[in-house]
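In this note's numbering, the protein residues as written are 2 to 221.
A virtual CB, placed ideally from N, CA and C, is assigned to each residue, including glycine.
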Ligand SMILES: Nc1ncnc2c1ncn2[C@@H]1O[C@H](COP(=O)(O)OP(=O)(O)O)[C@@H](O)[C@H]1O
Ligand SMILES: [Mg+2]
């Protein structure tokens with residue numbers, strides 16, 4: 002099993018008093034090579050679930066194992082390394098480094114861990130998303146669709162065990178969104194990558210092999 006989530010709960014303290022229980026008893030198993038969509042209304046806890054999977058936040062209770070390793074038991078240092086090796090993430094916002102070129106943005110995750118092939122692999126990743134012509138462009142010189150393609154290249158350049166995507170076309174107009182979605186699914190298919198896609202776009206969700214609906218903090 003690639004990813005195994007058991008009895009996962011997440012609550013946030015509220016400003017006045019008490020807490021909001023955002024995720025309640027989430028159970029999920031994802032096999033290697035699967036593509037899974039999580040759909041649900043705004044506020045249903047999709048991004049919260051994704052950030053727990055990415056180890057960007059800690060659960061209140063329950064277990065979250067990726068490649069047989071319990072994410073919540075890792076130190077921050079171990080988690081940083083583990084995340085860099087195993088998890089690719091794409092957000093609705095592109096979060097490119099504004100002072101780095103497209104090529105530098107993509108090679109950064111490899112460079113950080115001393116990979117000697119970083120330049121070559123970053124160029125390959127940009128080729129995969131059809132942006133070889135844009136290697137030397139800075140983020141402000143790229144369109145929204147191009148920026149998200151750079152972000153996709155950056156997420157897959159490390160060859161992660163799982164790609165987590167949170168509303169990856171949410172900031173793009175319809176036509177560009179469809180184009181980026183096509184590219185993402187082509188990439189996932191040719192590489193056999195495991196994908197967990199969070200979206201409220203049913204059309205996109207249906208392109209995954211499995212769909213799960215999050216409602217009232219749990220899978221329906
Ligand atoms: N850091 C936080 N502190 C307090 N409440 C939060 C925090 N993050 C998310 N929430 C709350 O958790 C709920 C789910 O949010 P989120 O996971 O972003 O939903 P979705 O991505 O499905 O729109 C919302 O009610 C939101 O206000
Ligand atoms: Mg969200």
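Item                                                                                                                                                                : Value
Within 10 angstroms of the Cβ of residue 150, are there 16 or more other Cβ atoms? Answer buried if so, exposed if not.                                             : buried
What residue range does the alpha helix (DSSP H) around residue 187 cover?                                                                                          : 175–192
At which residues does the alpha helix (DSSP H) containing residue 122 begin and terminate?                                                                         : 119–129
Leaving out five residues before and five after residue 51 in sequence, what residues of the same chain have Cβ atoms less than 6 Å from its Cβ?                    : 165, 167, 199
Anyone know if the C-beta pair for residue 27 and residue 4 falls short of 8 Å?                                                                                     : no
Quick check on residue 20: does DSSP put it in helix, strand or coil?                                                                                               : strand
Is the closest heavy atom of ligand 1 to the C-beta of residue 1 under 7 Å?                                                                                         : The displayed coordinates of the chain run from 2 to 221. Any statement about residue 1 would go beyond what the structure contains.
Grouping DSSP H, G and I as helix and E and B as strand, with all else coil, what is residue 145?                                                                   : helix
What are the complete alpha helix (DSSP H) segments, minimum 4 residues, inside the segment 51–134?                                                                 : 77–87, 103–112, 119–129
Could you tell me the alpha carbon to alpha carbon distance between residue 44 and residue 217, rounded to whole angstroms?                                         : 9 Å
Where does residue 16 land, buried or exposed, given buried means 16+ other C-beta within 10 angstroms?                                                             : exposed
Applying the criterion that 16 or more other CB atoms from any shown protein chain within 10 Å of the CB defines a buried residue, is residue 41 buried or exposed? : buried
If you draw a straight line from the alpha carbon of residue 97 to that of residue 148, how long is it in whole angstroms?                                          : 8 Å
Please confirm whether residue 101 and residue 111 have their CB atoms less than 8 Å apart.                                                                         : no
Can you tell me the Cα-Cα spacing of residue 25 and residue 219, whole angstroms?                                                                                   : 5 Å
Over the uninterrupted alpha helix (DSSP H) stretch that includes residue 204, give me the two end residues.                                                        : 203–206
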